[in-house]
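Position in the sequence shown (first residue = 1) + 1479 = my numbering.
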Amino acid sequence: MSAPRQYSLNLPDVEREELPVDVLLVGAGPANLACAIHLQRLLQARGLSDKTVLVLEKAEEVGQHTLSGAVMNPRGMSELFPDWRERGCPVEAEVGPDAMWWLTRAGATRFEGALCPPQLKNHGNFIVSMNQVVGWMKAQAEALGVQVYPGFPAAEILFEGGRVIGVQTRDSGLDKHGQRKDAYQPGMNVKAAVTVFGEGARGHLAKHLIRRLGLDEDRNPQTYGTGIKELWEVTPEIGAQWCGAATGGKGRVVHTGGHPLGFDGYGGSWIYGLPGNRLSLGYVVGLDHHDARLDPHALFVAWKQHPAIAKLLAGGKLLRYGAKTVPEGGYFAMPKLQGDGFVLVGDTGGFLNASTLKGVHLSIKSGLLAAEAIADALAAGDTSGARLARYSELFEASWARTELWKVRNWRQAFDQGFLSGMIDAGVQMITGGRGLVARRRGHADHTTTRPVSASRMTKPAYDDTRFMDKLTDVYHSGTVHEEDQPAHLLVKDAAICVDRCTREFGNPCQHFCPAAVYEWPSESTPAGPIVNFSNCVHCKTCDIADPYENIEWVVPEGGGGPKYHGL
Ligand code: SF4
């Protein structure tokens, strides 16, 4: 059987520079930066300081493509740097009072203190902005001698047989037809003994690698949620209640369930109080929702229109917007974590606890464990998959595995609906994570979409003050792409969109994208969707949720994408 096609916009048959390094890390998120830092320390301790460790990042600046809630469990960071607070790791606030609100259409039942569900208790955790945290981690890495190259997207994996030998970075200076402009620069072939894929959720290189090498054999399909986030400045009165006098300067943390999803799908929201009269607000919905008109952004706006939320925003101002996907499938959906010449870490490896909606500590731990295995492999001069399997062994013996094992059936229990999921989740709590079934299977999200005739989704009313539409929100993400370049959203077969998808699913791409990238033309015989790729916030929802797997996200030119700040 031939290997699946690797999609890329790079020109073939071009002479390219070669850059040899020892360890190459693709993506500058918390997992890869933790891995780079720990690896550099281990190499220095073993007298292997001559080894080069290089991190490539597609954003113009490290952190600009990083987004999270985020309430951080400090366990991973404390292992990376026991003195992380003294070293100046940016923290918005310690977590203060926490609660869970169950929302009906107009009401709210508040579960506070002892009544707050255990998964949503956050005492001892910290509210952070992850794009600031990774900026700080980058500085720590560089101080140790790690090289970090932002603005260098990895476009393709380089293979030698079944072995990963590095990546090819993205060409720049191609016009919208894929032809060379005067400023054309071919990407480099960066070759490494070990390549670490920490691209985040649904990494486009890891997706190819997992399929090509069958790394998901016998695993559950990964299932994802799309998270929408806004950062708000609120009135001083609201600010004082959420992170001020009323909370002793700590940040109030509230998660909500219920409206607008009700019992129809898996999802919920967060509200975190930040200093300076700011609130972090977000909504996450599972992409196995079934409804062909599923629109995570519309659900977020409908949630903001609930009286309990809307009143928090009255008189306030939207500061920032962003969106990303999160891997919710848990332990049984994690792919094999290594092979010849590579490892997978962080969201790319499925390191996320969906029950608590937390992954930063697990991502950092994955980076630490991978670093141990890579250092051993380099010292032995053997970077085969068999040698790097030490990473999986370390994971299986770690607290990260223990945590994920306790919630191994969590997300799949909600496959049959929210209420049956809640019952199973209750049983899981008294059976050490087993629940009603020893191992639940799952479905790939794109296979769960029902015909558009069964859709019940409606759109909320938008305004310019609190309930912004997608384009207004995209503006607040700072997203920019060079317009004269090939679209990085590949619609593989537009005939499927026209002939089948319109009839069967009503072209869901125009709904699920949180950045209004896809438009369905009004003419009677359209050629396919209009793709406004310059709006793309790189969330990967389309790559995951298209019912025909007809959309392929590939990496655009360096520097393109959102410019998150404070998210
Ligand atoms: Fe997300 Fe795809 Fe829309 Fe880009 S085009 S914002 S990756 S759904």
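Where is the CB? At the ideal position from N, CA and C, for every residue including glycine.
- Between G1657 and P1965, the C-beta gap is smaller than 8 Å, which places the two residues in contact.
- Counted as a single uninterrupted DSSP element, the beta strand (DSSP E) harbouring Y1800 occupies residues 1796-1806.
- Remark: three or more beta-carbon pairs, one from each stretch, lie closer than 8 Å, so the stretch 1848-1864 and the stretch 1504-1520 are flagged as touching.
- Q1647 and A1634 have their C-alpha atoms spaced approximately 6 Å apart.
- When C-alpha distances from P1814 are compared across L1688, G1706, V1916, the shortest belongs to L1688.
- Here R1691 carries a helix assignment [DSSP, helix/strand/coil].
- Shown here, W1711 sits in a strand according to DSSP, grouped into three states.
- Beta-carbon to beta-carbon, E1496 and G1630 are separated by about 16 Å, too far to satisfy the 8 Å threshold.
- For Q1626, the enclosing beta strand (DSSP E) stretches over residues 1626-1629.
- Each residue's CA atom was taken as its position, placing Q1598 and Q1720 some 23 Å apart.
- Taking G2007 as reference, the option from A1995, V1977, E2031 with the minimal CA-CA separation is V1977.
- Here A1633 is bridged, per DSSP, to T1648.
- Setting aside the 5 residues that flank it on each side, K1803 is surrounded in the same chain by L1546, G1706, C2018, each with a C-beta closer than 6 Å to its C-beta; the list follows chain order.
- Boundaries of the beta strand (DSSP E) harbouring D1577: 1572-1582, taken from the DSSP string.
- Going by beta carbons, S1834 and V1886 fall inside the 8 Å limit.
- Per DSSP, the beta-bridge partners of A1587 are L1582.
- The beta carbon of W1999 sits no closer than 7 Å to any heavy atom of the ligand SF4.
- Nearest to N2014 by alpha-carbon distance, out of P2026, I2030, G2039, D2025, is G2039.
- CA-to-CA, the gap between N1610 and H1683 works out to about 21 Å.
- Contact between R1690 and D1819 does not hold, since the beta-carbon distance rounds to 16 Å and is not under 8 Å.
- When DSSP states are grouped into helix, strand and coil, G1737 belongs to the strand group.
- Taking 8 Å as the upper bound for CB-CB distance, T1928 and P2026 are in contact here, some 4 Å apart.
- Within the stretch 1785-1864, the complete beta strand (DSSP E) segments of 3 residues or longer fall at 1796-1806, 1821-1823, listed in chain order.
- In this structure, the straight-line span from the alpha carbon of S1481 to that of T2004 is close to 36 Å.
- Between the C-alpha atoms of W2032 and V1733 there is a straight-line separation of about 34 Å.
- Just measuring C-alpha positions, the residue of G1603, F1676, E1621, V1613 sitting nearest I1636 is F1676.
- Out of W1884, G1896, F1984, L1816, the CA that lies nearest to the CA of E1696 is found in L1816.
- Restricted to the stretch 1942-2028, the alpha helix (DSSP H) segments that are unbroken, complete and at least 4 residues in length are 1949-1954, 1988-1991, 2020-2024, listed in chain order.
- Cβ-Cβ distances below 7 Å link G1921 to N1699, P1700, T1702, G1808, A1812, Q1891, D1894 in the same chain, with the five nearest sequence neighbours on each side left out; the list follows chain order.
- Cβ neighbours of Q1543 within its own chain (closer than 6 Å, five residues either side excluded): K2042, Y2043.
- Under the DSSP assignment, Y1762 falls in the beta strand (DSSP E) whose first and last residues are 1757-1765.
- Nearest C-alpha to N1604 among G1555, N2029, W1884: G1555.
- DSSP links K1670 through a beta bridge to P1499, G1645.
- Closest in C-alpha terms to D1861, from the list T1827, E2028, Q1485, D1501, comes D1501.
- Measuring C-alpha to C-alpha distances from G1747 to each of H1769, G1755, K1783 identifies K1783 as the nearest.
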